[in-house]
Every structure is written in C-alpha cells, then in structure tokens.
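Structure record follows, encoded as structure tokens.
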Amino acid sequence: MDHTHPLWHSAATRDVFARRDVGAIVRSARRAADVTLAELGKQVGYTAASLSRMERGKQPMRDVLLLQRLAACLDIPPHLLGLAPQRQRAASDPTDGTRVGGHTVFGEEGKDPVRRRNLLAGLAGATTSAALGPSAAARAPVPPSLSGLEDVLLHRHMQVRLTRDPTPSAVAAAVNASRADFGACRYDTLARALPARIALAQALGTHGHPEQAATAVAELYTTATRLCIKLGEDGLGAVTADRALTAALGGADALTVAEAHRMVSSAWRRQGHHARATDVAVTAARQLTTDRTTDITERLSVQGNLYATAAYTAAKQGDRHTAHALIAEAEATAGQLGHDALLRGTVFGPSQVLLHRVSICHLLGDAGQAIEHARRIDPAALPTTERRARYWIDVARAFDQWGKPDRCYQALLAAEHAAPQEVRRGAVQHMAAGLMVHDRTLPGVRAFARRVGVLA
Numbered sequence: 446m447d448h449t450h451p452l453w454h455s456a457a458t459r460d461v462f463a464r465r466d467v468g469a470i471v472r473s474a475r476r477a478a479d480v481t482l483a484e485l486g487k488q489v490g491y492t493a494a495s496l497s498r499m500e501r502g503k504q505p506m507r508d509v510l511l512l513q514r515l516a517a518c519l520d521i522p523p524h525l526l527g528l529a530p531q532r533q534r535a536a537s538d539p540t541d542g543t544r545v546g547g548h549t550v551f552g553e554e555g556k557d558p559v560r561r562r563n564l565l566a567g568l569a570g571a572t573t574s575a576a577l578g579p580s581a582a583a584r585a586p587v588p589p590s591l592s593g594l595e596d597v598l599l600h601r602h603m604q605v606r607l608t609r610d611p612t613p614s615a616v617a618a619a620v621n622a623s624r625a626d627f628g629a630c631r632y633d634t635l636a637r638a639l640p641a642r643i644a645l646a647q648a649l650g651t652h653g654h655p656e657q658a659a660t661a662v663a664e665l666y667t668t669a670t671r672l673c674i675k676l677g678e679d680g681l682g683a684v685t686a687d688r689a690l691t692a693a694l695g696g697a698d699a700l701t702v703a704e705a706h707r708m709v710s711s712a713w714r715r716q717g718h719h720a721r722a723t724d725v726a727v728t729a730a731r732q733l734t735t736d737r738t739t740d741i742t743e744r745l746s747v748q749g750n751l752y753a754t755a756a757y758t759a760a761k762q763g764d765r766h767t768a769h770a771l772i773a774e775a776e777a778t779a780g781q782l783g784h785d786a787l788l789r790g791t792v793f794g795p796s797q798v799l800l801h802r803v804s805i806c807h808l809l810g811d812a813g814q815a816i817e818h819a820r821r822i823d824p825a826a827l828p829t830t831e832r833r834a835r836y837w838i839d840v841a842r843a844f845d846q847w848g849k850p851d852r853c854y855q856a857l858l859a860a861e862h863a864a865p866q867e868v869r870r871g872a873v874q875h876m877a878a879g880l881m882v883h884d885r886t887l888p889g890v891r892a893f894a895r896r897v898g899v900l901a
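Taking the working numbering as reference, the numbering of the sequence shown is continuous, increasing by one, and the terminal residue is 901.
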C-alpha cells in the first residue's frame, strides 16, 4: 500500500493528514487491510488495547520503533508517520511476506493479487502532494461519533440530560428504538441516541424496577457492542460487551444473559482469541438447553445464533471441522424453530444459517460453495435492512475471492442500495479500492469508491 494507493487520496484521509492524526492514519490503513487490532498487535509487540487507545488519540505514539513496525506491517509510507523515508528493501527481505491473521496482507506485488490490484489502481490516482492538498471533505462519509458512548462508559452519563421520566414504558421504547435503528442501518442516529437511552435505562433501576432496568441496560449495551463491531471499534466493543454481561447478571432473564455472552464471544474473536470466543458461545448455548423459564421460540433463536457465532469464529481460526460441526448444530436448531424470526432485535432461522454458511465458506476459502449457499437465499425476504446489506456484502466478498470483479461490484451496489451506511466499512472500502483497476469495464466504480470514502 504505497503512496499511490487510493486510501491515501480519500477525502477522509486528507482530513486526517491535515490534523496530523497519526493514530487515525494507522487505523485507516489497518481497516483497509482488514486486520484486527489483536492481529496487528502480535506483529508489532503491543496489546490490542494499547493500539486501540493510540488509534483514538488516547495514548501518544512516540515510540519510533513502533512507528517503523506499523509502517512496515501496514505498508504506510514512512513520511506519513513522521519517519524518514527508508531505502527500498531487497527482494529477499523476509518482511515482504508478512502474514497477519492467516492472510498475506503485505506480500510482494506479484504474489498477492489483492495487493497487486490495489497498487495498479493507485497508479491511476493523484500524487502524494495532491493527497495532502485541499480536500472535498464534505463529500466523504463521516463515521458516526462514539464519544457520547465513551462518556457513558467512563461514568460521565450524569451529564446526559434525561428528556423523559424513567418509566418502564419509556425504557422499553428506548430499547425498541435502538433495535430498530440498528436493523435499519441508521448507525449515525443510533450512535447519537444510545448515551441518553442507556442513562434512561440505568435511572429506571433507582425508581423501583431493578430487574427491568438490568434487562434494558444489558440489551442496550448489547446493541452498542454490535454498533462498535460495525464501526471497527474493537476496544470499545470489548468494554460494552462486558457491561452488557455485567448488567444481565444483575437480574436479567436467561436469554438476555446468553445474548450478552454472545457479545463477549464476538469481542474475544475481534481481539484474536478465537478458542476462547468459541468456548464462550458454545457454553452459553448448551446452558440454554435445560432452561425452562423462557419462551421456547426465543430460546431456540438465541441458542441457534450462539452456535452460528461459534461456527463463524471457528472458521475465522481456520478450523474447518469445528466450523462445520457447529453450523450443523445451528441448522438443527433452526429446523426446530422452522422459520426465520426477529426476536429481541436479533434474527435467526433457516436463512440466517445459510447466511452464516456463506461467511464460513468464504473464510475457509470456498468461494464457489459460498455462492452456492447464497443462491439459496432470497434477500428480499430477509427481515431487516442490516441482514439484506450483510448478505450482499458477503456475496461481494465471495466473488472478490473468486476473481469475478464484475459480480463483486454488482453485489456491492446492491448492498449500497439496501443500506448506504453499511458500505462505509473497512472491508467494503478495501474491495472498492481493488475494483478500481477495472474502472474501464466497470462503469461508475470510481464514483462508488468516492461514496464509500476510498477516493475524494
């Protein structure tokens, strides 16, 4: 990802340059490479938590050795991190093929087709001086701010002014509104509203409704965790997942506790602890087997999602056998349920199992099989905008892996049509950057790249 890469020419990145925000530069490069904080941390010798604080400007980046390692691992032009330009490494340099999370992210141009496409696309862009010049930042998508959520986590929520009395009905409405915002991919709206909604739910506990408050706070933090995952805020997501579980254990029902465990599992996965993440989800699913205190339909839905989440994590680790065994458990659970259901803001059923099979096959390198599973799904029948957009993004990933750029592009356009905010994520930006080498045969691909924040 040299200085000609499209990432460095996006309006959002120009703004980062203007602010001399080194942490944001590193985060942009990491997301474009689809590398987690945990995976990067293993390469540079820092914890994921420390890197997260650095990316968000909460901890200074003064270690020159660290900056050099980050530049090498993420292919960031050294001068963008305030380093002196390095002489080009010899072809035998062992760092040329650095692998992160099982993927050759930084390999030689000729060996890594994704990087080769990105480099060729970058050659058609502007020079570094243009990237550092005046920008059209107004056209770039601005990611939702989570500063309000951070304030709540730091117990600064006393500054949040409650606009409603903390009654059970008002809190229930806040929980439902948060679920609806997430399901509709209104991530900016959700990010703004969550702090006040969490504060409202917490206030309910001091007004004589401790169990309802525990459930509502847990469910809101669960939604917050899902939002953090969407926005790539892994460090913050780990904290919200812990808060969800802590609140749930304070008086919520078994299903709320289990769903909080699913968020904890996702947080562990995002930190690179795949075995622990799988164990958390599977254990929670098995504990629900003997539960008789909740509705069986809701229990099957939560249990099935736990197995599907565990299967995805196993695939992320490259454990083919465990991934297939766990998705089979999810499929059996969906068979008992018999249909897709949207319960407590979470979707599960036969089509959701197929969606996970698409993701799992992609992670295991079976692009053709992923597309076969995708063809069995009617995206129009999926119950939420978020699920429809996720379907198209997973299809795009499979076609990208398969080397079919035209179909990848069409799937990305379908995802954008379903939910514009869903395509502003790092994985989509990475695919969009790779597609620009085909701009002569893919009409509108550069305009798409601008809309998702890859180009100015």
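Every residue gets a Cβ at the ideal spot worked out from N, C-alpha and C, and that includes glycine.
Since the model is a prediction, treat every value here as computed from it, not as a measurement.
Determine the contact status of A729 and R707, defining contact as a CB-CB distance below 8 Å.
Reading the sequence shown from its first residue, position 284 is the one you call residue 729. Reading the sequence shown from its first residue, position 262 is the one you call residue 707. The Cβ atoms of A729 and R707 sit closer than 8 Å to each other.
So, with DSSP's three-state summary, where would you put T758?
The residue labelled residue 758 in the question sits at position 313 within the sequence shown. It is helical.
Please identify the residue among I838, D626 and D610 whose C-alpha is closest to the C-alpha of L672.
Residue 672 sits at position 227 when you count from the first residue of the sequence shown. Per the Cα distances, D626.
Could you pull out every unbroken beta strand (DSSP E) segment of at least 3 residues lying fully inside the stretch 781 to 846, listed in chain order?
Restricted to the stretch 781 to 846, the beta strand (DSSP E) segments that are unbroken, complete and at least 3 residues in length are 786 to 788 and 791 to 793, listed in chain order.
A755 versus G763 - alpha carbon distance
Stepping through the sequence shown from its first residue, residue 755 is reached at position 310. Stepping through the sequence shown from its first residue, residue 763 is reached at position 318. Spanning the two alpha carbons is a distance of roughly 12 Å.
Just to confirm, are Q874 and C630 a CB contact at a threshold of 8 Å?
To locate residue 874, count along the sequence shown from 1; it is residue 429. To locate residue 630, count along the sequence shown from 1; it is residue 185. Cβ distance not < 8 Å, so Q874 and C630 don't count as in contact.
Output yes or no for whether 8 Å exceeds the beta carbon distance between A469 and G680.
Residue numbering aside, residue 469 sits at position 24 when the sequence shown is read from its first letter. Residue numbering aside, residue 680 sits at position 235 when the sequence shown is read from its first letter. In this structure, A469 lies away from G680, with their beta-carbon atoms at least 8 Å apart.
Counting only the same chain and skipping the five closest in sequence on each side, list residues whose C-beta sits under 8 Å from that of L565.
As a first step, residue 565 must be located in the sequence shown, where it is residue number 120. With a pLDDT of only 31 at L565, under the threshold of 50, the placement of this residue in the model should not be trusted; the figure read from the coordinates follows. Excluding five sequence positions before and after L565, the CB atoms of its chain that fall closer than 8 Å to its own CB belong to V882, given in chain order.
Would you list, in sequence order, the uninterrupted alpha helix (DSSP H) runs of no fewer than 4 residues that lie entirely inside the stretch 462 to 508?
The stretch 462 to 508 contains these whole alpha helix (DSSP H) runs: 467 to 477, 482 to 489 and 493 to 500.
Residue environment, A894, which counts as buried when at least 16 other CB atoms sit within 10 Å
Taking the first residue of the sequence shown as position 1, residue 894 is located at position 449. A residue is called buried when at least 16 other Cβ atoms come within 10 angstroms of its Cβ; A894 meets this threshold and is buried.
Contacting residues, own chain, Cβ-Cβ under 6 Å from T701 (five flanking each side not counted):
Position 256 of the sequence shown, counted from the start, is the residue given in the question as residue 701. Cβ within range, chain order: T660, A663 and A693.
What's the gap between the Cα of G889 and the Cα of T608?
Taking the sequence shown and counting its residues from 1, one reaches residue 889 at position 444. Taking the sequence shown and counting its residues from 1, one reaches residue 608 at position 163. Straight across, the Cα-Cα distance linking G889 with T608 is about 45 Å.
Helix, strand or coil for S746? Go by DSSP, reduced to three states.
For this step, residue 746 is matched to residue 301 along the sequence shown. The answer is helix: DSSP assigns S746 an H, G or I state.
Can you list, in chain order, the residues of its chain whose CB lies under 7 Å from that of S804, leaving out five sequence neighbours each side?
The count along the sequence shown starts at 1 and reaches residue 804 at position 359. If you ignore the 5 residues before and after S804, its C-beta comes within less than 7 Å of the C-beta of Y757 and D839, all in its own chain and listed in chain order.
Delimiting residues of the alpha helix (DSSP H) encompassing E867:
Counted from its first residue, the sequence shown places residue 867 at position 422. Looking at the DSSP string, E867 is not in any alpha helix (DSSP H), and its letter there is neither H nor E.
Can you give, in chain order, each stretch of the alpha helix (DSSP H) that sits fully within the stretch 671 to 707 and has at least 4 residues?
Annotation note: the stretch 671 to 707 contains the following uninterrupted alpha helix (DSSP H) runs of length 4 or greater, listed N- to C-terminal: 679 to 694.
In whole angstroms, what separates the C-alpha of G898 from that of R475?
Here residue 898 refers to the residue found at position 453 of the sequence shown. Here residue 475 refers to the residue found at position 30 of the sequence shown. Cα to Cα, G898 sits roughly 15 Å from R475.
In this structure, does DSSP put V899 in helix, strand or coil?
What you label residue 899 is simply residue 454 of the sequence shown in a count that begins at 1. Coil.
Taking C-beta to C-beta, are L639 and L594 nearer than 8 Å?
Here residue 639 refers to the residue found at position 194 when the sequence shown is read from its first residue. Here residue 594 refers to the residue found at position 149 when the sequence shown is read from its first residue. Contact: yes.
Shortest alpha-carbon distance to A712 belongs to which of C806, F844, A669 and K487?
Taking the first residue of the sequence shown as 1, we reach residue 712 at position 267. Residue nearest to A712 within the set C806, F844, A669 and K487 is A669 (criterion: CA-CA distance).
Starting from I521, follow the alpha helix (DSSP H) in both directions and report where the run begins and ends.
The count along the sequence shown starts at 1 and reaches residue 521 at position 76. Careful: I521 lies outside any alpha helix (DSSP H) and carries neither H nor E.
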